[in-house]
Each structure stands twice: as C-alpha cells, then as structure tokens.
Amino acid sequence: MPDSPAVVLQDVVKRYDGRAVVDHLSLTASRGAVTAVLGPNGAGKTTTIECCEGLRAPDEGRVEVLGLDPLLNARELRPRVGVMLQDGGLPTGVRALEMLHHVASMYANPRDVAEITERLGLASFARTTVRRLSGGQRQRLALAAAIVGRPEVVFLDEPSAGMDPQSRHAVWELVRELRADGVGIVLTTHLMDEAEDLADHVYIVDHGQVIASGATADLLHAGPSADGDRTLRLEAREGLDVDALRGRVESGPTASPASAWTVTETQPGSYSVTGPVDPSTVAVVTAWLAEQSALASRLTIGRRTLEDVFLDLTGRELR
Ligand SMILES: Nc1ncnc2c1ncn2[C@@H]1O[C@H](COP(=O)(O)OP(=O)(O)OP(=O)(O)O)[C@@H](O)[C@H]1O
615 MPDSPAVVLQ DVVKRYDGRA VVDHLSLTAS RGAVTAVLGP NGAGKTTTIE CCEGLRAPDE
675 GRVEVLGLDP LLNARELRPR VGVMLQDGGL PTGVRALEML HHVASMYANP RDVAEITERL
735 GLASFARTTV RRLSGGQRQR LALAAAIVGR PEVVFLDEPS AGMDPQSRHA VWELVRELRA
795 DGVGIVLTTH LMDEAEDLAD HVYIVDHGQV IASGATADLL HAGPSADGDR TLRLEAREGL
855 DVDALRGRVE SGPTASPASA WTVTETQPGS YSVTGPVDPS TVAVVTAWLA EQSALASRLT
915 IGRRTLEDVF LDLTGRELR
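Counting from 1, position 280 in the sequence shown corresponds to residue 894 in the working numbering; the numbering is continuous, with no gaps.
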C-alpha cells in the first residue's frame with residue numbers, strides 16, 4: 615500500500631497484570647512528518663511504540679505500519695522500518711563502527727557509513743566496544759543503526775536522552791532531513807522542547823490515553839490564550855485567591871477585556887497568569903502579592919509551551 619500512512623493505531627489497549635498501561639489509544643503518523651508522543655514517565659509511550667515495532671502484542675485494537683501488521687508481517691517490514699530502542703538494544707561485545715558496518719551490510723541499499731559516522735560524531739569512539747560507550751554515545755550509535763538501511767518509517771524512543779546539547783542538535787538536524795526525504799518519524803519524548811522544535815504533530819499521552827493531539831502550532835495556540843500572549847508563572851504559598859488576582863490584573867494600567875486573562879493555581883502553590891503580560895502586569899502581580907504578605911519564590915515569564923498545555927489539562931508538570 616504505497617499511500618498508506620506511516621503508522622495507524624486504533625483503540626490499542628495493552629495491559630500488564632490486568633492494568634491498562636495503554637488505554638484505547640489511537641494515533642496516525644504521516645509519511646514525511648515527525649509525530650511526537652509526549653508524556654511524563656510511565657505514561658505508556660514506550661509500550662505504545664513497542665506495539666508498533668512488533669515487540670509487544672496489543673491486547674486489543676489495531677496497529678498498522680505502512681499498511682501492514684507489525685506482528686504478522688514482521689519479515690516484510692524489517693527492511694523498511696528503523697528502530698531506535700530506549701536502552702540502545704545493541705549487542706555489547708562488538709566495536710561501534712564494526713557493528714554499524716555489519717548492520718549496513720544487511721540492507722540492499724544502505725546509506726554511506728562514513729557519512730553517518732561524520733554526521734553523528736561517531737569517529738571518536740569507532741573502535742570502542744558498545745558496552746564501554748557512554749549513554750549518549752550509545753544513543754547516537756543506535757540512531758545510526760536505525761537509519762543506515764534507508765527506512766521508510768523510523769521509531770525513536772527518547773532519541774536525545776543523555777545527550778549533550780551539541781549531539782542533541784545533530785540528531786534533530788538529521789531527523790529534519792529524514793522528514794524532508796519523506797520518511798515518517800515517530801518519536802517518544804518527555805522533553806517538550808524536543809516535541810515543539812521537531813514535531814509536526816503531537817499526541818500528549820497520560821495514563822495510557824491521548825489527552826490532547828493536533829498540529830504542534832494549533833496545540834500551542836489552543837485554549838484561552840491568543841497569539842502574542844505570555845504566561846507569568848509564580849510560586850508562592852498555596853491557596854491564594856486567584857479570582858482576586860485576576861480582577862487586579864484586569865483593572866491594571868493596560869486593562870484588557872476580562873476574557874483575555876486566565877489566572878489559575880495549577881497545583882498547590884503554583885500559579886499561572888496568561889494574557890497580554892507586559893511590565894506593568896509584573897508590577898501589579900508583585901504589588902498584590904505584597905498585600906497578601908506572600909513571598910514569590912520563583913517568577914518566570916514565557917510564551918505558552920506544550921508544558922503549559924499539559925499543565926492546563928492535568929494540573930501536573932510534565933516532568
Ligand atoms: N513488561 C512490563 N511488565 C509490567 N509493567 C510494565 C512492563 N513494561 C512497562 N510496564 C509499566 O507500564 C507503564 C508504562 O510504561 P512505559 O515504559 O510504556 O512508559 P513511558 O511513558 O515510556 O515511560 P518512560 O518515559 O519512563 O520511558 C509503567 O507503569 C511501567 O512500569
């Protein structure tokens with residue numbers, strides 16, 4: 615099926631000891647796009663992706679990769695799918711570059727190993743055995759092994775975990791190139807900046823369920839905030855009167871229509887003020903806090919992020 619989506623999951627359920635860790639999860643990932651499955655630790659991201667890779671059998675629901683069943687059509691899919699497991703999943707006794715050459719030799723039309731080695735900075739540990747590699751080195755090697763066969767779909771489980779910033783950006787650059795070449799990329803991450811920077815489409819998962827999904831830009835602009843809005847976050851003692859604070863912000867020097875502001879206590883002692891935040895907003899908020907004899911231990915201002923989306927939906931932080 616040449617035009618089938620890269621991946622389709624429909625109502626997938628996976629239980630361990632009777633507990634659904636993937637709970638009626640549906641997802642579609644297109645070719646030539648990056649789809650991120652974003653969620654906190656234990657949300658079920660790895661289990662979901664392992665069902666796509668044919669490493670786990672779902673208890674219910676349908677999984678299709680390139681229009682095929684990952685379990686029944688495993689042989690057919692193997693040369694067309696690249697997999698980077700969270701723990702690397704590499705044999706430990708061989709030297710890094712030897713291993714990559716060996717993997718490349720299994721494919722009909724592999725990428726140039728020297729080019730990948732250069733791109734992912736593998737040369738410095740080419741002769742080191744896999745078991746002696748650092749976590750980040752192992753991750754880079756695992757990524758190289760996942761893409762050397764020119765797959766049509768790539769699964770990346772926490773691809774930049776344990777990497778330094780430079781390696782992380784090399785990985786992101788490579789992922790963008792794969793996308794431009796028409797590869798469908800599905801990655802799991804609990805790093806919201808990774809999802810925001812890379813993904814065309816995001817599925818936010820919590821307790822095995824999709825709690826929000828959409829084009830990344832749409833998710834960031836959904837909800838109460840408008841383009842240009844910022845969120846002021848602060849930490850102070852719990853139980854402050856958020857309605858009173860909103861009233862004060864709304865009647866501040868740069869007053870806006872009431873609906874433009876949202877003030878919430880996202881979790882005990884953590885507050886967010888979203889709207890057209892400007893310097894006078896900060897002055898109003900700090901003056902109000904002083905009146906309440908409340909000392910803010912932290913105050914930050916930023917644009918709305920996927921972290922905020924998660925916080926709004928669950929009342930919890932992503933990490
Ligand atoms: N083989 C297993 N047997 C029993 N429980 C498991 C097994 N594998 C995973 N789990 C449990 O399933 C839940 C989801 O795990 P999973 O690894 O899919 O989450 P995750 O979102 O990938 O988390 P992380 O970001 O920590 O990797 C967790 O509570 C985990 O303990």
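In this text, a Cβ means the ideal position worked out from N, Cα and C, and glycines have one as well. For clarity, every value in this text was computed on a predicted model and none was experimentally measured.
Residue interval of the beta strand (DSSP E) (run including residue i)
i	result
Ser886	884–889
Phe739	Phe739 -> no beta strand (DSSP E), and no H or E assigned at all.
Glu879	876–881
Asp617	Asp617 -> no beta strand (DSSP E), and no H or E assigned at all.
Asp778	Note, Asp778: premise wrong, no beta strand (DSSP E); not H, not E.
Distance cut-off 7 Å: residue i Cβ against heavy atoms of ligand 1
i	result
Asp631	yes
Ala688	no
Ala908	no
His804	yes
Gly653	yes
Val635	yes
Thr928	no
Ala657	yes
Thr660	yes
Gln751	no
Gln823	no
Gln700	yes
Residue range of the alpha helix (DSSP H) that includes residue i
i	result
Gln751	749–761
Leu927	920–928
Leu903	893–905
Ala910	It is not in any alpha helix (DSSP H) - Ala910 carries neither H nor E in the DSSP assignment.
Ala858	856–864
Glu664	659–666
Nearest-angstrom beta carbon gap, residue j and residue i [assumed within contact, 8 Å]
i	j	result
Gly796	Arg645	6 Å
Leu801	Leu770	4 Å
Val744	Pro684	So it is not a contact: roughly 26 Å between Cβ atoms.
Glu674	Val626	7 Å
Leu639	Val887	Actually they are not in contact, since the Cβ atoms of Leu639 and Val887 sit about 33 Å apart, beyond 8 Å.
Thr557	Ile799	Nothing in the structure corresponds to residue 557, since the chain is present only between 615 and 933.
According to DSSP, residues forming a beta bridge with residue i
i	result
Lys628	Val636
Ile915	Leu846
Ala650	Leu801, Val816
Val767	Val695, Gly798
Leu641	Leu623
| query | Of all the alpha helix (DSSP H) runs that stay within the bounds of the segment 794–833, which reach a length of 4 or more residues? | reply | 806–812
inquiry  = Restricting to runs no shorter than 3 residues, where is the beta strand (DSSP E) found entirely within the segment 671–744?
reply    = Annotation: the segment 671–744 contains the following complete segments of the beta strand (DSSP E) (minimum length 3 residues), in chain order: 674–679, 695–698.
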